Each structure stands twice: as C-alpha cells, then as structure tokens.
Amino acid sequence: MTILKAIYYFHLKLFIPSLILGIIAGSLGWMEHDHFSIQKMAFGYWITSLLFHLFIYEVDRKKEYIFYYNLGLSKLVLWISTFVIGLSLYLISLLL
Amino acid sequence: MSELHIDSIQKSFNNLPLLTDIFIKCNTGEIIGILGRNGSGKTTLMQIIFGSIPAENRYINVDGKMILNQFDHINQIHYLPQFDFIPHHLRIKNIIKLYCNKLNTVKMFENPIIKPLIDKKINQISGGERRLISVYLLLYSDAKFILLDEPFNGIAPIQRENIQEIIQEQSQFKGFIITDHDYRSILKIATKTILLHDGGTKIIHSNEELVEWGYLNEL
Numbered sequence: 002m003t004i005l006k007a008i009y010y011f012h013l014k015l016f017i018p019s020l021i022l023g024i025i026a027g028s029l030g031w032m033e034h035d036h037f038s039i040q041k042m043a044f045g046y047w048i049t050s051l052l053f054h055l056f057i058y059e060v061d062r063k064k065e066y067i068f069y070y071n072l073g074l075s076k077l078v079l080w081i082s083t084f085v086i087g088l089s090l091y092l093i094s095l096l097l
Numbered sequence: 620m621s622e623l624h625i626d627s628i629q630k631s632f633n634n635l636p637l638l639t640d641i642f643i644k645c646n647t648g649e650i651i652g653i654l655g656r657n658g659s660g661k662t663t664l665m666q667i668i669f670g671s672i673p674a675e676n677r678y679i680n681v682d683g684k685m686i687l688n689q690f691d692h693i694n695q696i697h698y699l700p701q702f703d704f705i706p707h708h709l710r711i712k713n714i715i716k717l718y719c720n721k722l723n724t725v726k727m728f729e730n731p732i733i734k735p736l737i738d739k740k741i742n743q744i745s746g747g748e749r750r751l752i753s754v755y756l757l758l759y760s761d762a763k764f765i766l767l768d769e770p771f772n773g774i775a776p777i778q779r780e781n782i783q784e785i786i787q788e789q790s791q792f793k794g795f796i797i798t799d800h801d802y803r804s805i806l807k808i809a810t811k812t813i814l815l816h817d818g819g820t821k822i823i824h825s826n827e828e829l830v831e832w833g834y835l836n837e838l
C-alpha cells in the first residue's frame, strides 16, 4: 500500500502537464476527423509523461529520487511505472 | 534485535582509492558516530551503504539478509542526505504517513514544531523548516537502521538538543549511523565512535585518540 501511494505521489507531478499536452494532442483530431481523438490524447499523454519524467526527475529534481529510494522504489521501477501507466491508458483508449 | 553488517567496501575515484578497509557493525540500540576530515569519504560511505551510488565492492547485510537493491531496503535502511530531498509538491502530513508507523505518526503530529506546519506543502515552508522536517521524518521513520548525514547542519542549538534526545529515545527500536562535523554533538550521544582515516575505519575508545589520529588539534 505504501509503495502504491508513493508511486501515486511520484506521478502527481507528471499528471497535470502531461494531461494538458495530451488534450492538445487529442484536439488535433479535429483537424483530421472532425472530432476529439481519445487515442491521440492517450498517446500524447504517454509520450509527454515520459518526457516530463526525464526533465522533472532526471534534470531538475534529481535529488527527490532519494525520497522514493527510502520507500523501496528504485529509479528503474519509477521509469517502468511511468511507461506502464502511459501504455495502459493508451491501450484502454484503443478499446473505447 | 537487528544487526547491520557492513564490510569489504571498496570505492575509488579516478583510480584513487577513497574507501578500502571498512568494517562497521550496528545493532538495534546503538548510535554509531562516524567522524572524519573533509573528503575522507563519510558521505560516500553513507551513500554506498544506502545503495544510491555503486562501489567496486560492497557487503551490506541486515539480519543475515544481503541488501542488494532498493527493494531490499524497505523498512530496513533509511537515509537522510545532506541536501533537500523531499518533493516540494507534497503535504507534510502525507509525507509523515508515508514514512512512519501509526505510533510515530501521532508523535510527529503532536510535535510542537511540526504541528503548525502539518497541512502545508513543502514548498510553503522555509529552508530551515524543511531541513528540520527532513531530520524528524527520518528519526521517526519505519526502518531498522537510519543513516544520518549531517543531521545537525543548519539546525538551531536548541533544536539540536531536541534531535539528540529523539535519537536516544528512538534507538530503543533501531540503530543509527550518524556523521556530522559537529563532533561534540556526535560524541555526546554516540555509543560507539568511528574515525574514517586513510580509507579505513578506526574505532575510537577515548577522545584523546581523536587528537592522536589528527582529527582534532586539541580537546
């Protein structure tokens, strides 16, 4: 439970900026198909969350990793969580 | 009672050996103070024990179980770095709940220094308060062994005494390894003092030995 909560707190920082760029990506659907594209939004979220992870945690706030290491989360696990959450959202969007 | 066993740590920088002959054993109830000059490798040693930097060789064992990766650290070893490491977007109460068990969460919530800050986010408090929260968080955190890297740095004298008392109180349940340039604070609470000298650990039996090893000019 603690680990899941820690992963949730880690992703809070990535969620809003990635969602905003995901919505912008989804809005591009209007240019192609005359409607908002959930698939494009989810794909946009997936890619931008990885980019925000890179810029926020690897460049700007690198020292915060220690906070998560103390809770048993390695850098690799956190990267995998960003990848898997984004991928899961994209796969769900394909089913809608 | 738990036992942390640290042995055979080797670490070099640019082919220059920094740590070569390290042996530390810490049990629940022990407060081990590590002293050493600037550049002697105190922080590097802490980071290697914690696993946040690699070493050419390391042997870290808690209660007979090797600590090989971050996952093995869960509730075993926690580390307070010298720098600000707490995410700024989190509320203090949520951080406490994440790090501490129920009993220590209540203790922290009732602490007169922390109580007024409890609903604030880390980015809403001052640098000094942030350091204080970090230190308290680690002292009360739910792990068998706590590594404290310069816990007294940037802390007001009255708070230092408070921190020393909490370390002594919490050492009933866990082991502490502390390094700080405030050697008086270390000597006051340490049950065992170790000097890091020429890449190795020397157990200090009396304060006079600190002068003999060249750590202090005089007592």
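Protein chains in written order, with our numbering: chain A, 2 to 97; chain B, 620 to 838.
Idealized CB from N, CA, C, for every residue including glycine.
All values reported here derive from a predicted model rather than from experimental measurement.
For residue 661 (chain B), collect the residues of the same chain with a Cβ closer than 7 angstroms to its Cβ; drop the 5 residues on either side in sequence, then sort them by chain order. As a working note, residue 661 (chain B) is residue 42 in the second sequence. Closer than 7 angstroms at the Cβ level, and outside the excluded window around residue 661 (chain B), lie 653, 655, 798, 815.
Using a Cβ-Cβ cut-off of 6 angstroms (strictly less than) and excluding sequence neighbours within five positions of residue 681 (chain B), which residues of its own chain qualify? Looking up residue 681 (chain B) in the second sequence gives position 62. Excluding positions up to five away in sequence, the list reads 623, 695.
What distance in whole Å lies between the Cβ atoms of residue 716 (chain B) and residue 724 (chain B), which are believed to be in contact at a cut-off of 8 angstroms? The sequence position of residue 724 (chain B) within the second sequence is 105, counting from 1. The sequence position of residue 716 (chain B) within the second sequence is 97, counting from 1. Indeed they touch by this definition, with Cβ atoms about 6 angstroms apart.
Please report whether the beta-carbon of residue 30 (chain A) lies at a distance below 7 angstroms from any beta-carbon of chain B. Counted from its first residue, the first sequence places residue 30 (chain A) at position 29. Judged by the 7 angstroms Cβ criterion, residue 30 (chain A) is not in contact with chain B.
In the DSSP assignment, find the beta strand (DSSP E) that holds residue 812 (chain B) and state where it starts and stops. One-based indexing of the second sequence puts residue 812 (chain B) at position 193. Counting along the chain, the beta strand (DSSP E) containing residue 812 (chain B) begins and ends at 811-816.
First and last residue of the uninterrupted alpha helix (DSSP H) at residue 776 (chain B): Working through the second sequence from its first residue, we reach residue 776 (chain B) at position 157. It spans 776-789 - the alpha helix (DSSP H) in which residue 776 (chain B) sits, taken as one unbroken run.
Using the beta-carbon count (16 or more within 10 Å), is residue 21 (chain A) buried or exposed? Numbered from its first residue, the first sequence carries residue 21 (chain A) at position 20. Classification for residue 21 (chain A): exposed.
Exposed or buried, residue 65 (chain A), counting other C-beta atoms within 10 Å across all chains shown (16 or more means buried)? In the first sequence, the residue the question calls residue 65 (chain A) occupies position 64. Buried: at least 16 other Cβ atoms inside 10 Å.
Under the three-state reduction of DSSP, which class applies to residue 50 (chain A): helix, strand or coil? Residue 50 (chain A) sits at position 49 when you count from the first residue of the first sequence. If DSSP states are grouped into helix, strand and coil, residue 50 (chain A) belongs with the helices.
Quick check: what's the CA-CA separation for residue 634 (chain B) versus residue 675 (chain B)? What you label residue 634 (chain B) is simply residue 15 of the second sequence in a count that begins at 1. What you label residue 675 (chain B) is simply residue 56 of the second sequence in a count that begins at 1. Answer to the nearest angstrom: the Cα atoms are 11 angstroms apart.
Nearest to residue 780 (chain B) by CA position, among B:720, B:796, B:805, B:750, is which residue? Along the second sequence, one-based indexing puts residue 780 (chain B) at 161. Considering only alpha carbons, the answer is B:805.
Touch check for the region 684-702 of chain B and the region 825-836 of chain B: three-plus C-beta pairs under 8 angstroms? no
Three-way DSSP call (helix, strand, coil) for residue 701 (chain B) in this model: As a working note, residue 701 (chain B) is residue 82 in the second sequence. Note: residue 701 (chain B) maps to coil in three-state DSSP.
To which residues of the same chain is residue 764 (chain B) closer than 8 angstroms at the C-beta, ignoring the five residues directly before and after it? What you label residue 764 (chain B) is simply residue 145 of the second sequence in a count that begins at 1. Same-chain partners within the cutoff: 621, 623, 645, 681, 695, 696, 697, 793, 794, 795, 796.
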